Structures are given as C-alpha cells and as structure tokens.
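Numbering (the working numbering), first residue to last: 72 to 307.
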C-alpha cells in the first residue's frame, strides 16, 4: 500500500492487478482456435494439365504427317493438330518442332517435283511451306534451286544397248565427250543404266573424259540406258 496517497488514488492502485488480469484474459480469448486436421480447409489444387489430350493430338499429328496430310484437309491435318496442342500448352516444344517438320516435308516434296521437272508443283509446295513458317531458312535456297533447274539447259543422249553391253569403243568415245562437256560447263549428269555395274562403267568413262575434274552424277537403275546433262547458266 502507498501510504499518504489520497483515498481515490489508493483505490486505483488496488484495482490495477485486477485490470491487468482482465486484459490478459482478453488476449487469451482472441488467440486463433486450432481446428482438428479433418476440419481444416484444404488448399486449392492446381488445375490439372491435359497431358492425355495433348498426347492424343500429337499422335494424330504424327499420323497425318506420315500420310502427307500436312495442311489439308484443314480439320484433319498435321498443322491443325499441332495448333490444337499449342492452344493447350503454348510452350510445348514437340508441337513447335512439328511445324518445322511440316516445312521440311514440303521442301522435300518441292525438290522431288523439281527432279521430275514438275516446277509448278514444286512452287506450290514451297508456297504451302511459307504459309506454315514464312521465315524458315530452307525455303529461299530451295526456291533458287527450282529456278536453276527450270532454266537449265538439258541434253539427253540415249546409248545403244548392244554396244553398251559390249563396251564398244564408239560408246566409250561418246561417254568421254559427254564427260568433257559436263566438266567444262559445270553440268550435272543423270545416268540411267540397266544394272549397277553398267552404271559404274558409264560413270568411269565420263570421268575419263573430264580430265582432272570429277563429274557430278546420279545413277538410276532403269532402261533404256541414257545419259542426261543438266547445265546451269550460273555455273557455265
């Protein structure tokens, strides 16, 4: 007790311990209540990734690619399936690589058409490739190659089958002359021969006429036996 304090002050001092106890009780009552684990709210689970659907789309795209359904028909093409994958997952690298595969296939089809001298078809393939990826680095050089092939000079010589079988000197002279022309004019050569051995002999005769140069040739087992020179203006 504080001696000498006024009566009201003494009453206040006496009440302080009781007030402190009440305040402590209030703090205890405001503490959060711990619920049992089974009654606690569960955190929201992340949205499930549609892996199964993406896998099905990728399988359909691979099948369409194998069947050359590249961009058509629109709803059943490799392009449409890869686009559907990217709509679900814009970062899917398999679908992004799929776009490149479509362009690469179109480029290959364009070159095949050019080898068969079907240049309009080859240009159509490149146009479709541009629709998929106009900046793909293979398109421009392929188009230049089509231009070279379309504007090339061609000379096709049919070889006498009997004389070729006998390896006659007249055939040798013809092949050496063609080999010299091919090397001087920067030409490519297509050899059609009835067997691999016959084609190799033809190629040897062409090279023997080319001197120090080497003839660029492609051999196809076919009949009748022929040699075709394709000479490009830029190279000769």
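C-beta: ideal position from N, C-alpha, C; glycine also. Remember, it's a predicted structure, so these values are computed and weren't measured experimentally.
Query raised in the report: Can the beta-carbon of residue 300 be found less than 8 Å from the beta-carbon of residue 225?
Result: yes
Query - Backbone secondary structure at residue 121 - three-state DSSP - result: coil
Query raised in the report: How many angstroms separate the CA atom of residue 274 from the CA atom of residue 135?
Result: 40 Å
Query raised in the report: What is the rounded straight-line gap between the Cα of residue 230 and the Cα of residue 195?
Result: 35 Å
Query raised in the report: In chain order, what residues of the same chain lie with their CB nearer than 6 Å to the CB of residue 184, ignoring the 5 residues before and after it?
Result: Contacts found: 192, 193.
Query raised in the report: For residue 209, which residues of its own chain have a beta-carbon under 6 Å away from its beta-carbon, when the five flanking residues on both sides are left out?
Result: Excluding residues up to 5 positions away in sequence, 178 lie with their Cβ nearer than 6 Å to the Cβ of residue 209 in the same chain.
Report task. Give me the Cβ distance between residue 157 and residue 166, rounded to the nearest whole Å; I'm assuming they're in contact under 8 Å. Result -> 5 Å
Query - Classification of residue 171 by the beta-carbon crowding that lies within 10 angstroms, buried from 16 upward - result: exposed
Query raised in the report: Alpha carbon to alpha carbon, how far is residue 232 from residue 279?
Result: 21 Å
Query raised in the report: Within this structure, are the beta carbons of residue 255 and residue 296 separated by less than 8 Å?
Result: no
Requested in this report: Using three-state DSSP, classify residue 265 as helix, strand or coil.
Outcome: It is coil, neither helix nor strand.
Query raised in the report: DSSP state of residue 204, grouped into three classes?
Result: If DSSP states are grouped into helix, strand and coil, residue 204 belongs with coil.
Query - Reduced DSSP category for residue 141 - H, G, I as helix; E, B as strand; rest coil - result: Here residue 141 sits in coil by DSSP.
Requested in this report: Please state whether DSSP places residue 155 in a helix, a strand or coil.
Outcome: helix
Report task. Report the option in 197, 259, 292, 163 whose CA atom is closest to the CA atom of residue 214. Result -> 197
Query raised in the report: In the DSSP assignment, what are the bridge partners of residue 288?
Result: Residue 288 is bridged by DSSP to 260.
Requested in this report: Tell me whether residue 230 sits in a helix, a strand or coil according to DSSP, three-state version.
Outcome: coil
Query raised in the report: With a CB to CB cut of under 6 Å and the five nearest residues on each side skipped, what residues in its chain are close to residue 219?
Result: So the list reads 303, once near-sequence residues are dropped.
Query raised in the report: How many Å lie between residue 291 and residue 261 at the Cα?
Result: 8 Å
Query raised in the report: Taking residue 216 as the reference, which of 238, 284, 182 has the closest Cα?
Result: 182
Query raised in the report: In the DSSP assignment, what are the bridge partners of residue 63?
Result: There is no way to answer for residue 63, as the model of the chain reaches only from 72 to 307.
Report task. Give me the Cα-Cα distance between residue 125 and residue 131, rounded to the nearest whole angstrom. Result -> 10 Å
Report task. Could you check the C-alpha separation between residue 152 and residue 204 for me, to the nearest Å? Result -> 16 Å
Requested in this report: Using the Cα positions of residue 97 and residue 122, report the straight-line distance between them to the nearest angstrom.
Outcome: In this prediction, residue 97 scores a pLDDT of 48, lower than 50, which makes its location untrustworthy; the coordinate-derived value is nonetheless stated afterwards. Cα to Cα, residue 97 sits roughly 54 Å from residue 122.
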